[in-house]
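**Student:** Structure incoming, see below.
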Amino acid sequence: MNTTTRQLRSASEPQDRTTVRITAPGRLHLGFLDLAGTLGRRFGSLGITLDRPSTVVRLRRATTLSATGPDSGRALVAVEKAAARFGLDTRVEVTVEAALPPHSGLGSGTQLGLAVATGLCLINGLELSPREVGAALGRGARSAIGIGAFTEGGVILDGGKKRGSDAPPPILSRLPFPENWRILLVYDHGHQGLSGPEEVQAMEGLPPFADTLAGHMARLAVMVALPALAEGDVDYFAAAVGEMQRLLGDHYASAQGGRYTSSSVAEVMEWLEACGLRGLGQSSWGPTGFAIVGSPEEADQLLSEARVRFGDRPALAFDCARGSNAGARIEWLACVEQC
1 MNTTTRQLRS
11 ASEPQDRTTV
21 RITAPGRLHL
31 GFLDLAGTLG
41 RRFGSLGITL
51 DRPSTVVRLR
61 RATTLSATGP
71 DSGRALVAVE
81 KAAARFGLDT
91 RVEVTVEAAL
101 PPHSGLGSGT
111 QLGLAVATGL
121 CLINGLELSP
131 REVGAALGRG
141 ARSAIGIGAF
151 TEGGVILDGG
161 KKRGSDAPPP
171 ILSRLPFPEN
181 WRILLVYDHG
191 HQGLSGPEEV
201 QAMEGLPPFA
211 DTLAGHMARL
221 AVMVALPALA
231 EGDVDYFAAA
241 VGEMQRLLGD
251 HYASAQGGRY
261 TSSSVAEVME
271 WLEACGLRGL
281 GQSSWGPTGF
291 AIVGSPEEAD
301 QLLSEARVRF
311 GDRPALAFDC
321 ARGSNAGARI
331 EWLACVEQC
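Residue numbers are given in UniProt numbering: position 39 of the sequence shown equals residue 39, and the series is strictly consecutive.
This is the structure in structure tokens:
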């Protein structure tokens, strides 16, 4: 099987539009800036695109619609929504080769939906922006971080939802994540974060979000985190992210049982804080925790120590990721034999 690779939004046109594979990156959601929205825009988000884990889907023309692999049910829903919105032929075979763990804070639903729907559009000869595809799927209801990660990666700041609008929030800033920095990921495979109706109910039950807190969060993002990122200052970036996470964790505590959804992840975070790390937090509703680390050597050392120290917790898993400064990858697969 010969493979032709093109980046998202490339102008090149493959001769064979029979089979396409799309790799969509996971992301960290570092928190909302303004949950009250008293100035007319609510939420506002900061996030980091990850080089792994990823969602990988393959779509091939077929005689009927079918889907296999992890999260294949959600893949079928994405096909049906995109087909209904854009009038597309649904006779495709969808294979989910890899999927982000669901309800873990890594954006699994958005990345799977965007990958499947984008693939269906391309096979049908229709090229749309991830923002258009996301809107059709109902993605980006609060945050455009997942759409930004799919589009071009990097560290993304969105401007929040405009009152009365159903459109995904606008992307205000996209900066590259430094090549030498690392992100220690802490998974709890025995726990899932809030999603769907439970998430909506939890959001509605949160205490009031004061304007002073929103102002502080915005200053931390715009006046500390992003300038530190642009200057490659990991200490200031980590400190800003850690402070944002601390404030949000305390705000969400009544809904998720503490600053972290998973008590096991909370223990790991306490240990990492004792080691001197400041850029600690939980992505979205978790349970995935993370730590911003300034070098590969430090990250590898912490990864090894964490696996030993918490080796008696079978549900816990650890990984060391880079930031990804590219969006989803599209590969047109030209089959030289039966696929």
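Yeah, the Cβ is synthetic: ideal placement off N, Cα and C, and Gly gets one too. Keep in mind that this is a model prediction, so the values were computed, not measured.
(1) What number of angstroms, rounded off, separates the C-alpha of F290 from the C-alpha of E198?
(2) For the 8 angstroms Cβ check, are there 3 or more pairs between the segment 27-35 and the segment 234-250?
(3) Give me the DSSP bridge partner(s) of F43.
(4) Among Q111, V92 and G140, which residue has its Cα nearest to the Cα of N124?
(5) Measuring only the C-alpha atoms, how far is T55 from S45?
(6) Out of curiosity, what's the CA-to-CA distance linking G215 and D34?
(7) Are V20 and E305 touching if we call contact CB-CB under 8 angstroms?
(8) Going by beta carbon distance, what residues of the same chain come within less than 7 angstroms of L213, once the five residues before and after it are set aside?
(9) Name the DSSP beta bridge partners of Q282, please?
(10) Identify, in the order they occur along the chain, each residue of the same chain with its Cβ nearer than 7 angstroms to the Cβ of V224, setting aside the five sequence neighbours on each side.
(11) Could you please give the first and the last residue of the uninterrupted alpha helix (DSSP H) stretch that includes S254?
(12) Quick check on DSSP: helix, strand or coil for residue 382?
(13) Out of R182, T118, R52 and V155, which has the shortest C-alpha to C-alpha gap to L175?
(14) Helix, strand or coil for A136? Go by DSSP, reduced to three states.
(15) Can you say whether C121 is buried or exposed, counting buried as having 16 or more other CB atoms within 10 angstroms of its CB?
(16) Taking contact to mean 3 or more Cβ pairs, one atom from each stretch, closer than 8 angstroms, check whether the segment 82-96 and the segment 126-142 are in contact.
(17) Select from G190, E231 and G232 the residue whose C-alpha is nearest the C-alpha of P287.
(18) Measuring CB to CB, does A76 end up less than 8 angstroms from G119?
(19) For E97, does the three-state DSSP call read helix, strand or coil?
(20) Cα separation between R307 and T49?
(21) Pair every Cβ in the segment 64-72 with every Cβ in the segment 86-102, then say whether three or more of these pairs are closer than 8 angstroms.
(22) Is the Cβ of V94 closer than 8 angstroms to any Cβ of chain B?
(23) Which two residues bound the contiguous alpha helix (DSSP H) that contains F150?
(24) Who are the near neighbours of V265 in its chain, counting only those whose CB is closer than 6 angstroms to its CB and skipping five residues on each side?
(25) In whole angstroms, what separates the C-alpha of A299 from that of L277?
(26) Candidates R131, R182, A141 and Q201: which alpha carbon is nearest I147's?
**Tutor:** Taking the coordinates as given:
(1) Translated into the one-based positions of the sequence shown, residue 290 becomes position 290. Translated into the one-based positions of the sequence shown, residue 198 becomes position 198. Cα-Cα distance, rounded: 23 angstroms.
(2) Cβ pair count under 8 angstroms is three or more, so yes.
(3) Here residue 43 refers to the residue found at position 43 when the sequence shown is read from its first residue. According to DSSP, F43 shares a beta bridge with D34.
(4) The count along the sequence shown starts at 1 and reaches residue 124 at position 124. Among Q111, V92 and G140, the Cα nearest to that of N124 is on V92.
(5) Position 55 of the sequence shown, counted from the start, is the residue given in the question as residue 55. Position 45 of the sequence shown, counted from the start, is the residue given in the question as residue 45. If I take the Cα positions, the gap works out to 22 angstroms.
(6) Here the question's residue 215 lines up with position 215 in the sequence shown. Here the question's residue 34 lines up with position 34 in the sequence shown. One alpha carbon belongs to G215, the other to D34, and they sit about 8 angstroms apart.
(7) By one-based count along the sequence shown, residue 20 stands at place 20. By one-based count along the sequence shown, residue 305 stands at place 305. In terms of Cβ geometry, V20 and E305 do not form a close pair [threshold 8 angstroms].
(8) Along the sequence shown, read from residue 1 onward, the residue named residue 213 stands at position 213. Cβ within range, chain order: L247.
(9) Against the sequence shown, residue 282 aligns to sequence position 282. Paired residues: G289.
(10) As a working mapping, residue 224 is identified with position 224 in the sequence shown. Answer for V224: Y236 and A240, listed in chain order.
(11) Walking along the sequence shown from the start, residue 254 turns up at place 254. V234 to Q256 is the extent of the alpha helix (DSSP H) around S254.
(12) Here the chain has residues from 1 to 339 only, and residue 382 is not among them.
(13) Against the sequence shown, residue 175 aligns to sequence position 175. Nearest option by C-alpha distance: V155.
(14) For this step, residue 136 is matched to residue 136 along the sequence shown. Collapsing the DSSP output to three states places A136 in a helix.
(15) For this step, residue 121 is matched to residue 121 along the sequence shown. With a 10 Å radius around the Cβ and a threshold of 16 neighbouring Cβ atoms, C121 comes out buried.
(16) Counting Cβ pairs under 8 angstroms, three or more are found: they touch.
(17) For the purposes of this step, residue 287 is taken as the residue at position 287 of the sequence shown. Out of G190, E231 and G232, G190 has the C-alpha closest to the C-alpha of P287.
(18) Counting from one through the sequence shown, the residue named residue 76 turns up at place 76. Counting from one through the sequence shown, the residue named residue 119 turns up at place 119. Per the sequence shown, residue 76 should be read as Leu rather than Ala. G119 sits away from L76, with the two beta carbons spaced by 8 angstroms or more.
(19) The sequence position of residue 97 within the sequence shown is 97, counting from 1. Correct three-state label for E97: strand.
(20) Indexing the sequence shown from 1 puts residue 307 at position 307. Indexing the sequence shown from 1 puts residue 49 at position 49. If you take the alpha carbons of R307 and T49, they lie about 24 angstroms apart.
(21) Yes, since at least three Cβ pairs between the segment 64-72 and the segment 86-102 fall closer than 8 angstroms, the two stretches touch.
(22) This model lacks chain B altogether, as it is built from one protein chain only.
(23) For the purposes of this step, residue 150 is taken as residue 150 along the sequence shown, with counting starting at 1. For F150, the uninterrupted alpha helix (DSSP H) segment begins and ends at I145 to T151.
(24) Locating residue 265 in the sequence shown gives position 265, where the first residue counts as 1. These residues qualify, in order along the chain: V186, D188, P287 and G289.
(25) Residue numbering aside, residue 299 sits at position 299 when the sequence shown is read from its first letter. Residue numbering aside, residue 277 sits at position 277 when the sequence shown is read from its first letter. The C-alpha of A299 lies about 11 angstroms from the C-alpha of L277.
(26) For the purposes of this step, residue 147 is identified with residue 147 of the sequence shown, where counting begins at 1. When each option's Cα is compared against that of I147, the closest is R131.
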